[in-house]
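Protein chains in written order, with the working numbering: chain A, 5 to 366; chain B, 597 to 725; chain C, 538 to 632; chain D, 1326 to 1495.
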Amino acid sequence: MISLTLYYVLMAICGLGSVVAVFLAIVERDMLKAVLFSAIQSTLYAFLYYLLMAPDIVLTYIPVSVGLYPAVILFLIKKTERFEDVEMKKGVLWATGLLSLVFVIATAAVIAGKGIGPVPPPDVRFLAGWYLATTFNPRVHLISAMAPEGVTSIVWDYRGLDTVFETAVLFLAIIASVALMRGVEHKGVYDELKHGMTLIGKTITKIVVPLIIGVGISIALHGHLTPGGGFQGGSALAVAPLLVLVVFSKYFFDKVKFTKTKALAIRSSGLLGVGLTAFAVLIAAIFLHKPAYILQNQPRVGAPLGFPWKGIDGVLLGGSLLSFNACEAMAVCAGFVILFLLLSIPERYVRSVVVGGEEHEH
Amino acid sequence: MDPVTNWVLVILGEILVSIGVFFDVVAAIGMLRFPNFFVRLHAATIGAIGGAFVPLMGVALIAAGCDFLGKYRWFIAGAAAVTGVLVLMLAPVGSHLLAKAAHESRAAVVEPKVVDFLEEDKAKEGGEQ
Amino acid sequence: MMSLENEVLLFITIVIPIFLAAFIMYIVRALKGPTIPDIVLAVDCLSYDLAAFLALLSIYFRSPILIPCAIVLALWIYALDVYVSKYLMKKEMGE
Amino acid sequence: MASRVLRAIPLAILVFIVYIIYTGSATIYDIVTGIIAAALSSLLMANITIEKPGKALNPVRWGWGIAYAIYYFFVAEVKAHLDVTKRILSPSMPIRPGIVRVPYRVESDYAITAVANSITNTPGTVVVDIDPQKRLFYVHWIDVASLEPEECRKQISEDFERFASRVFDG
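Written out as structure tokens, the structure reads:
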């Protein structure tokens, strides 16, 4: 069968390419080159996930590892040193290369020899079967999420509680960075000639940014129907302000009066939305004197209330999933904007504020 | 839609994809053969326009004609077309910004060259200041 | 006469190895460098090539839901271009 | 505020079309969310993106835009692609690269960008830098045929400028 062979050839090429890229990234002294090698590895991995039919993972992986991760590292390298002081010894380098080669060959041999047994194990299959049977199934309405997109349903409905906590952790990290940079306010006057990139870059960014916002909202609001969802849509949305930040410069945000405080307000209202959606059915039930659960989406046994799952012309709404996705997209996008606004403050200025403050206390 | 329209769309799309694949290979060969970064930019342009925009439009046409995909085929067609248009708009800006940065920071040298007026004009401005 | 479905699938099967050849050549250029703009340019081409490839594969696998990956890839690779050129050009990333 | 809404209209139409095409379906849900997305993004960006809303809705300009696209895709691109392909595949690789000055005469930002992107998107020429004061593009040309700025303009960008000024200028 030609297609299966092709499939394996594609996966093998991606795997090999990414191993070489990772090796080069580790031994490279120039940090900028190392970042780029890791971007190559990420691109190949994204393709690998695509071949494994995991579009949700691709949609999360690309923004994080091709977009945000290199951006954060580049912002940080700019503030520190680009070249590593210590050069790796020739012997260590060869040993690393040889070891990774041996590892790749050994793993390939084990897999080719059916060394990892029957995959996937039977009980995982049962779980998958359960999710597939119940994620969208009007006949068993009392245990179904009523949305056709499996990943979003599992994340926000079947295991909603830990997702809420994960979201909280991500935003605590952002709160920590805001707290760390408290008092560091930098404003400048935007100068069209001096700041930012060339005229061509600026004009195209002007046109592309609204389109990106449209596409990002589409990904977020169709998260219960097609791959995507709150995080994916939010991180696609975050490209827009990031492009503006890099192409137009930070001072452009000062000119249009978009401040960190506004981003914080958007993020907080997104977070509040997630919280409210989690409690919405419960709050309604209290007023109607009926039993209900936290994070309830559809009616359950003994808890008759639930979100609507069908629109006017029969289109699926996914109940609380839609609201969760929209709010999470807002929160994720604004969170990234805050992070990059903080990172883009000139290093000299930050140092003068932070170090100066400490000296003052002593 | 009737089968004839489907066939026409699919054949048109396949022609575009074939052209795209041809230029993609040409661009890849160019990326390997050309001597320096600035000349490779031209190979990259072929890769982005001939090798990505044209086949994406072809995929959009093929998908629009593939009725075995069901109503979701418009999803493929639409997303492929939007991606193609975005590539058409973004790829040149990407190469322009990269070229400017490479020239300004001297990360890549313009060698071999017949002439470099940008370098000369910059040197002149530097002398005047 | 051949059915439409078989014809499309056959065509894609023939095209995929050619895409793959270009794909491998781009990877070689990306890993070889030598300068930083070269690597970025090769990653660019690799991703645009990949975007077209992903769109084609989503027809081949008959799963339309796989397609949004292509657009996200194209957008973020442009962002990578912009970051790197900003890094090379300016003193501060926010400037 | 009124001018902002007025400016937002063409942008909102554009975003809405892209939204619907990208989504690939047009149920009531898609149309409602599409209108919300279009309104949000266009109101946010209107003052930055659009200067004169009347210009964007002028059918004559759209006609010229379509003519530009036809000329560009079926004449300019084909010629340039075949030329560079020949250079790549021929064993001796006949290239004479260099950076030349190309003056431009179009006025608005969008026209300049359209011309620059057209130049970059045709293989064989890449805009390396732009000097808005001297009104010059610095173009990396794979086969430098002339060092005279006016002669370069005639060979590289004159046709693009003729269309771009009719679409975007005035």
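Ideal placement from N, C-alpha and C gives every residue a C-beta, glycine not left out. Quick caveat, the model's predicted, so the values are computed rather than measured.
Count the CB pairs spanning the segment 688-706 of chain B and the segment 1441-1453 of chain D that are closer than 8 Å, and state whether there are at least three.
yes
Span of the alpha helix (DSSP H) around B/His692:
Stepping through the second sequence from its first residue, residue 692 of chain B is reached at position 96. Arg669 to Ser701 is the extent of the alpha helix (DSSP H) around B/His692.
The segment 654-685 of chain B: positions lying closer than 7 Å to chain C by Cβ
Val655, Ile658, Ala659, Cys662, Phe664, Leu665, Tyr668, Arg669, Phe671, Ile672, Ala675, Ala676, Val678, Thr679, Leu682 and Val683
Which residue comes first and which comes last in the alpha helix (DSSP H) that contains D/Arg1426?
Walking along the fourth sequence from the start, residue 1426 of chain D turns up at place 101. Unbroken run through D/Arg1426 is the beta strand (DSSP E), Gly1423 to Pro1428; no alpha helix (DSSP H).
DSSP three-state call for A/Arg86: helix, strand or coil?
As a first step, residue 86 of chain A must be located in the first sequence, where it is residue number 82. Correct three-state label for A/Arg86: coil.
On a CA-only basis, which of D/Val1453, D/Gly1449, D/Gln1458 and D/Pro1457 is nearest D/Trp1466? Give me that one, please.
Translated into positions along the fourth sequence, residue 1466 of chain D becomes position 141. The option with the nearest alpha carbon to D/Trp1466 is D/Gly1449.
At least 3 beta-carbon pairs within less than 8 Å: the segment 653-662 of chain B vs the segment 175-194 of chain A:
no
Find the nearest neighbour of C/Met630 within the set A/Leu275, A/Lys82 and A/Ile30, judged by alpha-carbon distance.
Walking along the third sequence from the start, residue 630 of chain C turns up at place 93. Minimum Cα distance to C/Met630 is reached at A/Lys82.
So, C/Arg566 versus B/Leu628, is the Cβ gap smaller than 8 Å?
Position 29 of the third sequence, counting from 1, holds the residue named residue 566 of chain C. Position 32 of the second sequence, counting from 1, holds the residue named residue 628 of chain B. In contact: C/Arg566 and B/Leu628 (Cβ atoms closer than 8 Å).
So is B/Lys709 in contact with chain D if we call contact Cβ pairs under 8 Å?
Sequence index remark: in the second sequence, residue 709 of chain B carries index 113 (1-based). Yes, B/Lys709 lies at the interface with chain D (some Cβ there is under 8 Å from its Cβ).
Considering only the beta carbon of each residue, do D/Ala1436 and D/Phe1493 sit closer than 8 Å?
Counted from its first residue, the fourth sequence places residue 1436 of chain D at position 111. Counted from its first residue, the fourth sequence places residue 1493 of chain D at position 168. Closer than 8 Å, so yes.
Going along chain C in order, which residues have a C-beta closer than 7 Å to the C-beta of A/Tyr54?
Here residue 54 of chain A refers to the residue found at position 50 when the first sequence is read from its first residue. The contacting residues are Leu591, Leu603 and Cys606.
Roughly how many angstroms separate the alpha carbons of B/Gly609 and D/Asp1468, rounded to a whole number?
Within the second sequence, residue 609 of chain B is the residue found at index 13, counting from 1. Within the fourth sequence, residue 1468 of chain D is the residue found at index 143, counting from 1. In a straight line, the C-alpha of B/Gly609 is about 33 Å away from that of D/Asp1468.
Skipping 5 residues on each side, what residues in its chain have a beta carbon closer than 7 Å to that of C/Lys628?
On the third sequence, position 91 is the one that residue 628 of chain C refers to. Result list for C/Lys628: empty, nothing under 7 Å.
Does any residue of chain A bring its CB to less than 8 Å from the CB of D/Leu1336?
Position 11 of the fourth sequence, counting from 1, holds the residue named residue 1336 of chain D. By this cut-off, D/Leu1336 is an interface position.
Check the DSSP bridge columns for B/Thr641 and list the partner residues they point to.
Here residue 641 of chain B refers to the residue found at position 45 when the second sequence is read from its first residue. The partner list for B/Thr641 (beta bridge, DSSP) is empty, contrary to what the question assumes.
Can you confirm whether A/Thr207, when its beta carbon is compared against all beta carbons of chain D, has any partner nearer than 8 Å?
By 1-based counting over the first sequence, the position of residue 207 of chain A is 203. Chain D contact via Cβ: present.
D/Thr1450 - DSSP class collapsed to helix/strand/coil
Taking the first residue of the fourth sequence as position 1, residue 1450 of chain D is located at position 125. In this structure, D/Thr1450 counts as strand in the three-state DSSP scheme.
Going straight from the alpha carbon of B/Phe633 to that of B/His692, what length do you get?
Sequence index remark: in the second sequence, residue 633 of chain B carries index 37 (1-based). Sequence index remark: in the second sequence, residue 692 of chain B carries index 96 (1-based). Distance between the alpha carbons of B/Phe633 and B/His692: 12 Å.
How would you list, in chain order, the residues of chain A whose beta-carbon sits under 8 Å from the beta-carbon of C/Tyr509?
Past the edges of chain C, shown from 538 to 632, lies residue 509 of chain C, and the structure says nothing about it.
Reduced DSSP category for D/Asp1408 - H, G, I as helix; E, B as strand; rest coil
Along the fourth sequence, read from residue 1 onward, the residue named residue 1408 of chain D stands at position 83. Correct three-state label for D/Asp1408: helix.
Does any C-beta atom of chain A lie closer than 8 Å to the C-beta of B/His692?
As a working note, residue 692 of chain B is residue 96 in the second sequence. So yes, B/His692 belongs to the interface.
Proximity below 8 Å, CB of C/Ala559 to CB of C/Ser584
As a first step, residue 559 of chain C is located in the third sequence; it is residue number 22 there, counting from the start. As a first step, residue 584 of chain C is located in the third sequence; it is residue number 47 there, counting from the start. Going by beta carbons, C/Ala559 and C/Ser584 fall outside the 8 Å limit.
Between which two residues does the beta strand (DSSP E) carrying D/Val1464 extend?
Locating residue 1464 of chain D in the fourth sequence gives position 139, where the first residue counts as 1. First-last of the beta strand (DSSP E) with D/Val1464: Leu1461 to Trp1466.
To the nearest angstrom, how far is the alpha carbon of D/Ile1356 from that of A/Phe87?
Working through the fourth sequence from its first residue, we reach residue 1356 of chain D at position 31. Working through the first sequence from its first residue, we reach residue 87 of chain A at position 83. Cα-Cα distance, rounded: 52 Å.
So, using beta-carbon positions, are D/Lys1377 and D/Arg1386 closer together than 8 Å?
Residue numbering aside, residue 1377 of chain D sits at position 52 when the fourth sequence is read from its first letter. Residue numbering aside, residue 1386 of chain D sits at position 61 when the fourth sequence is read from its first letter. Not a contact, by the Cβ cut-off of 8 Å.
Which term fits D/Gly1495, buried or exposed, when burial requires 16 or more other beta carbons within 10 angstroms of its beta carbon?
As a first step, residue 1495 of chain D is located in the fourth sequence; it is residue number 170 there, counting from the start. With fewer than 16 other Cβ atoms within 10 Å, it is exposed.
Give the single residue among B/Ala677, B/Ala704, B/Lys696 and B/Val710 whose Cα lies nearest to the Cα of B/Val650.
Position 54 of the second sequence, counted from the start, is the residue given in the question as residue 650 of chain B. Considering only alpha carbons, the answer is B/Ala677.
My output table needs one value for A/Ala112: the three-state DSSP class, helix, strand or coil.
The residue given as residue 112 of chain A occupies position 108 in the first sequence. Helix.
Is the distance from the Cβ of A/Thr281 to the Cβ of A/Cys331 below 8 Å?
In the first sequence, the residue the question calls residue 281 of chain A occupies position 277. In the first sequence, the residue the question calls residue 331 of chain A occupies position 327. Yes, Cβ-Cβ distance for A/Thr281 and A/Cys331 is below 8 Å.
Under 8 Å, Cβ to Cβ, is there at least one residue of chain C near B/Gly616?
The count along the second sequence starts at 1 and reaches residue 616 of chain B at position 20. B/Gly616 counts as touching chain C.
For A/Phe257, report the span of its alpha helix (DSSP H) as first-last.
One-based indexing of the first sequence puts residue 257 of chain A at position 253. Here the alpha helix (DSSP H) through A/Phe257 covers Lys254 to Lys259.
Pick from A/Ile316, A/Val260, A/Leu347 and A/Arg271 that is closest to A/Cys337, judged by C-alpha positions
Position 333 of the first sequence, counted from the first residue, corresponds to residue 337 of chain A. Comparing Cα-Cα distances from A/Cys337 to each of A/Ile316, A/Val260, A/Leu347 and A/Arg271, the minimum goes to A/Arg271.
Nearest candidate by alpha-carbon position, reference A/Phe256, set A/Lys206, A/Leu184, A/Ala289 and A/Arg129:
Position 252 of the first sequence, counted from the first residue, corresponds to residue 256 of chain A. Ranking A/Lys206, A/Leu184, A/Ala289 and A/Arg129 by Cα distance to A/Phe256 puts A/Lys206 first.
Please list the terminal residues of the continuous alpha helix (DSSP H) segment that includes C/Pro645.
No information on residue 645 of chain C is available, as it lies outside the stretch 538 to 632 that chain C covers here.
Excluding the five sequence neighbours on either side, which residues of its own chain have a C-beta within less than 7 Å of the C-beta of A/Met5, listed in chain order?
Walking along the first sequence from the start, residue 5 of chain A turns up at place 1. Confidence at A/Met5 is low in this model, with a pLDDT of 48, below 50, so the placement of that residue is unreliable and no value is reported for it.
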